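**Q**
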Amino acid sequence: MDAGERFDLALDVARFDPSPAAVEAAVEAGRLATAPGSPDLVRHLSNLGGLLQTRFHQTGDLGHLRAAYAAVVTALVEDVDAEQEASLLNNGGMLRHTWFQHTRDRAVLHDAVALSRAAVETTTEGPSRSKYRRNLAVALSTAFTETGDLDVLREAVREARDSVADAEGDDEGRSEGLHFFAFLVRSRIQASGDTGGLSDAIDAERRAVDLTPPGSALKLDRLALLGYLLDDRYRLTGDRDDLAAIVDVRRALVAVTPMGHPRYGSHRSSFEKAARAWTALTGEREPDTTISPVDQAGVRSHHCVELVMKYRETHDPALLDRAVDEGRTALAETAPDHPHRPERLDVLASALAEQAERDNDHGLLARAVALHREAVATVPAGHPYESRYLGNLGVALSSQFYATGDLARLTEAVEVTRRAVATDRGTTGPATMLANLAALLHRRSTVTGELAVLTEAIAVGREAVRVGADTDAAHASHLTNLGAMLFALWSRTGRAEAIDECISLHEASVRATPDRHPRRPLALGNLGGALVQAHRRYGDLAALDRGISAYRAAVLATDPAGAEHAGYLANLGAALRQRYEDTTGTGPPDEEALAEAIDLGRRAAGSAAATAHQRASRLTDLARSLRPRFTRHGDRAALAEALAALREAAATTSSPTDDRVVAADLWGELAAEADDYTSAAEGFATAVHLLPQLAGRRVGQTDAQYLLGRFTDLAADAAACSLAVGDVDGALALLEVGRGVLAAQALDGRGDVSDLRDHSPELADRFTALSAEFESDTPHDRLLLADELAALTAEIRALPGMDRFLRPPLTADLVAQAHEGPVVLVNVSRYRCDAVILTPSGVLVQDLVDLTASGLRREVEAFRAALAVRGGREERLAAEDVVHDVLEWLWDVVTGPVLDRLGLVGGTDPLPRLWWAPVGLLGLLPLHAAGHLRAGGPTVLDRVVSSVTPTVRALGHARSRARRPGNPRMLVVAVPEVDGARNLPGARQEAAHLAERVPGCVVLAGAEATRERVLAGLRDSTWAHFACHGVSDPENPSGSRLVLVGSSLDVVDVSRLRLEEAEFAYLSACDTARGSERLTDEAIHPTSAFQIAGFGQVVGTLWEIHDALAPRLAEMVYGELLEGVPDAGRAAGAVHRTVRRVRGRYPGVPSLWAAYVHVGG
């Protein structure tokens, strides 16, 4: 089978199963079949273009549309006959028209018209020419809408008329052409006032109606247009026959409109109006002008809908009040078993929701939600309007979320709207329903920080744009919504293509939205936001000024009493503050911009219409604008106002947690700038205590990492300010709560529940099962699980003696961990640097006066650069000198002062134990190896046996693990060769040595070391040794991994394990204890993952290790562990003594031995 035949087969499959995977497979086959010189090239190119267009509609990726057009152009340069040429030209015109709808590029629209015109000119008479003329008329109509050129519209009318003549024998084509001709004539009359051709349009639409099959959804639109045309002529002529015809058409229109259709009420009202006009004109009521007896409750319900629509146009409160009265009366007059009761419940609920928004009445909104729920509960499954009622319930629930900040409402709104999309039968409009779902997913991602949810929102938003591209009047709003989601993606990931597409979409949306349209402020506001962010990325002041102009237009276009107005005021204020900041330092600062920003911030924060959900953000914006008044001009009143705003923002529980953390963090920072460390400590502490909630169980690991990464150094700053006011216990608590947040969550689910089981075995079982559910590969909705866990935790804490369940440890609990040796938390902050030292007798604080945050960063950068040197001998020796410099600096500013304070001077046997808990970037350096080795001076290795722990709590967890001296059940994993990486012959040596030394040792080497077998082996082992490549992922530390055969074992894989009998793990691989600079305090790396899984003692590495030396180091460590009765409890001393021995042999090359660390108890 050649490439062309394979393409034909793939094309048949894609036509039968147009799924994304099948279409993409056909596209790939088509690319192979369309290589230059391939047989049947033109046909294959044409088919490939069609498939690529389908892929565009599936993905929204303009690249597919561009490739489809390229395929058409390539085919056109081949040797084609007139029929093929016309078809290709027509396809090219349609593709360019679609491109224009998504980009609003007029040059592309010009191409679309030219290609469509050429298609018409190239073909002869017949159905194809009719279709090409209609497509040309569509392109010309779009060009008229864009330019207002009446000559273009007149040409469109001619082409639509001529398409009918070419469609002889094609009833569907004729009907479509006749209808479009009539539509265009009416458009021309409305644009020019020239009523010529009106009768031709009426005749054409009559024929279109006659040619439309009974039951077709098109019948409704065609009867409606015929009624409008007859109305137009009757107003001109007053002809009695036209009025009679209007009555007939309106009656027919009511007959084909379902009772639950949103236009049923207006169609019925139009018929009754026409019938009354007939009676007034003739004095008689003809039998054929009547319709079925009127359902008065139904009329009232439809009148309610019409009044709400008029209220939205006029904002006349009396209209909305009348609408609610009509809706209530209609429902009261409807029997409980009436088939239209669900519709009337839904109508009244929607009116009440409008009234609740107008009056900011949460009680009314709750009543609206209850009525929507009743409508959904009473509508029969499979009913045509089931989807609509579900969708309206989703909208009302989302309104409750915005009003109250209750995340459960948003979660339910998402799920309800998913059901609405799944049950949609075209009664609501698929684009509208998809757009609603996309907006709700976007909002959820904003609240929870879930990147996967944002990605889904974008995919659904693209589908809404695709589905509504030609048919949905709200297409411009779909463009706006998709642009907002891409803006969020850019804010999260920094992808340049996201902000560029975002701006293009918002510009297209603004062009497509009429000046007085209610969605225009949203389009302008989103464009303003995108332009301001583009300025921040590219430094383009013109973009910032365009953004400010867009925001000003949005402010002017909104009702000053509305919530949207307050939002645009805040955004405009933020943009003006940005302008002030940009002009400061480059010339005279724009003080007028700052003054206006402050005024706008106050108005936005003080607006009664601002939602509770936005309260913290608005107050923080105001504080940011006030800040320069204090920092640059010493305005204490501005400082007080800013701090009060931030304090209130941090306490606003109805606002998103990240907004509250931002506010509290800024509160601490601003108070510290004013030298008010009491207030600063309070602000920072408030922020720290919100971190577990911010990165809580509601979000997954990757999203939690992103959220915590936004607040690097927060815990350090909080502790520093607490120490500045003498609150040592508070500083210690903050360093525990604000660091290792994700590990603490994992440990919460693995702690000892024996006390709980004594009180309630049932609650203990529920807690254990629920904790395990969070760590499954596919947990159910995390928001619902998190709410369930919160409720369960509250229930457990209500038990006698269980009030401390899952609460942070008390100071006494932390101090108790120093019973085997001091635990030293080394805190580095921009405000001050200290060692907080836990000893059996209490907590000491050592002021590290020579350590600074900026100095630490310089040393870390120098250290990393030295480790990266790969030159000749001289270059490497020079790099080792830099490593020595850093180790000496560490002694001088950190470890020396600490050990001196503790009186640990060495000379004892055995040496005392000490645990380092470095904070921030200090965790990237080897504190255990610090010292003046070159000059024969003091070193940490000569004074104490060091271990490392991320937090004091993690140390307690490590010590609680099983430790049973005796022969271990040992797993050895050795991967000496793997594709794409250098060989590790030392891995074989390590495996062979352990296989010889440890009875019953299980060795998985080479091809046997698969992910599945390794995970199974870990579950059955008490000791584990890995000799393989290690990979550190600084952007996504949860992706840091040990490389296996054909796969890898990453942090998430390991940390999900619950190994009750695990004791000791030795990770003889590169970078296994190396954290991410952005998340150093979270200590996310393979070493910590093994500790979470249950290994109380772990040996890891801070950087790349030497393969030739690794086996010797491992042999020496195991030589001590396995001597006599094997005991993992000797691990710290074994590592210490091994590193000292290797140091003695290679004193000038610290990079060889200083990487090895012991983590655990």
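Residue numbers (the numbering used here): 246 to 1406. Backbone N, C-alpha and C define an ideal beta-carbon position, used for all residues, glycine too. Note that the coordinates shown come from a computational prediction; the quantities given were computed from them, not determined experimentally.
What ranges does the alpha helix (DSSP H) occupy inside the region 529 to 602, keeping only unbroken runs of at least 4 residues that lie completely in it?
**A** 541 to 559, 562 to 577
**Q** Using the beta-carbon count (16 or more within 10 Å), is Gln541 buried or exposed?
**A** It counts as exposed.
**Q** Output the residue ranges of the alpha helix (DSSP H) runs that lie fully inside the region 836 to 872 and measure 4 residues or longer, sorted by chain position.
**A** 836 to 851
**Q** Using a Cβ-Cβ cutoff of less than 8 Å, which residues in the same chain neighbour Leu839 once the five nearest sequence positions on both sides are dropped?
**A** Leu821, Arg822, Tyr825, Ser870, Pro873, Arg874
**Q** Would DSSP call Pro833 helix, strand or coil?
**A** coil
**Q** Can you pull the DSSP bridge partners for Met1215?
**A** Trp1268
**Q** Closer than 6 Å by C-beta to Ala490: which residues in its own chain qualify, once you throw out the five before and the five after it? Chain order, please.
**A** Within the same chain, and ignoring the five residues on either side of Ala490 in sequence, the residues whose Cβ sits closer than 6 Å to its Cβ are Leu475.
**Q** Suppose you measure from the CA of Glu746 to the CA of His342; what does that come to, to the nearest Å?
**A** 19 Å
**Q** Inspect the CB distances between the region 1177 to 1187 and the region 1092 to 1106 and report whether three or more fall short of 8 Å.
**A** no
**Q** Report the three-state DSSP secondary structure of Ala405 (helix, strand or coil).
**A** helix
**Q** Do Glu981 and Thr1196 have their C-beta atoms within less than 8 Å of each other?
**A** yes
**Q** Flag this pair as yes or no: are the beta carbons of Leu1263 and Ala1269 separated by less than 8 Å?
**A** yes
**Q** Just list the residues that DSSP pairs Phe1309 with in beta bridges.
**A** Trp1268, Gln1342
**Q** Does the region 951 to 964 come close enough to the region 1300 to 1312 to have 3 or more Cβ pairs within less than 8 Å?
**A** no
**Q** Check whether the Cβ atoms of Ala683 and Ala709 sit closer than 8 Å, and answer yes or no.
**A** yes
**Q** Just the Cα atoms here: how many angstroms apart are Val698 and Leu750?
**A** 21 Å
**Q** What would DSSP say about Pro1024, mapped onto helix, strand or coil?
**A** Caution is warranted here: a pLDDT of 48 is assigned to Pro1024, below 50, making its placement in the model unreliable, and the coordinate value is therefore given only provisionally. Three-state result, Pro1024: coil.
**Q** Assuming Asp651 is part of the beta strand (DSSP E), what are its boundary residues?
**A** Premise fails: Asp651 is in no beta strand (DSSP E) and is neither H nor E.
**Q** Determine the DSSP secondary structure at Asp1410, reduced to helix, strand or coil.
**A** It is not possible to answer for residue 1410, since the shown part of the chain is limited to 246 through 1406.
**Q** For His780, I'd like the list of residues in its chain whose CB is within less than 6 Å of its CB, leaving aside the five on either flank, ordered along the chain.
**A** Ala788, Leu789
**Q** Where Gly543 and Glu517 are concerned, what is the direct C-alpha to C-alpha distance, given to the nearest angstrom?
**A** Taking the straight line joining both Cα atoms gives about 14 Å.
**Q** Count the other CB atoms, across all protein chains shown, that sit within 10 Å of the CB of Phe1019; report buried if there are 16 or more and exposed otherwise.
**A** buried
**Q** Which residue from Ala641, Asp604, Ser632 puts its Cα closest to that of Leu593?
**A** Ala641
**Q** Counting beta carbon pairs with one atom in the region 416 to 432 and one in the region 365 to 385, are three or more of them shorter than 8 Å?
**A** yes
**Q** Pick out whichever of Ser1099, Pro1053, Pro1085 has its Cα sitting closest to the Cα of Arg1075.
**A** Ser1099
**Q** How should Gly418 be labelled, buried or exposed, when 16 other C-beta atoms within 10 angstroms of its C-beta is the threshold for buried?
**A** buried
**Q** Of the residues Gly1087, Ser1321, Leu1178, which one's Cα is nearest the Cα of Ser1277?
**A** Ser1321
**Q** How would you write the range of the alpha helix (DSSP H) that Arg1242 sits in, first residue to last?
**A** 1230 to 1242
**Q** Which residues mark the beginning and the end of the alpha helix (DSSP H) in which Ser1192 is found?
**A** No alpha helix (DSSP H) holds Ser1192; the beta strand (DSSP E) holding it covers 1190 to 1193.
**Q** Residues in the same chain with beta-carbon distance under 8 Å from Asp561, minus the five sequence neighbours each way, listed in chain order, please.
**A** Lys555
**Q** Count the other CB atoms, across all protein chains shown, that sit within 10 Å of the CB of Pro1336; report buried if there are 16 or more and exposed otherwise.
**A** Note that residue 1336 is Gln in the sequence shown, not Pro. The residue is buried, with at least 16 neighbouring Cβ atoms inside 10 Å.
**Q** When you compare only the Cα positions, how much space is there between Leu1294 and Gly1345?
**A** 15 Å
**Q** If I measure Cβ to Cβ from Gly442 and keep anything under 7 Å in the same chain, skipping five residues before and after, which residues do I get?
**A** Val430
**Q** Run the CB neighbour count on Gln1234, radius 10 Å, all protein chains shown included, and call it buried at 16 or more, exposed below.
**A** Classification for Gln1234: buried.
**Q** With three or more beta-carbon pairs closer than 8 Å as the criterion, would you say the region 1175 to 1185 touches the region 1220 to 1235?
**A** no
**Q** What's the C-alpha gap between Asp717 and Pro1054?
**A** Because Asp717 sits at a pLDDT of 46, beneath the cut-off of 50, its placement in the model cannot be relied upon, and the point is left open.
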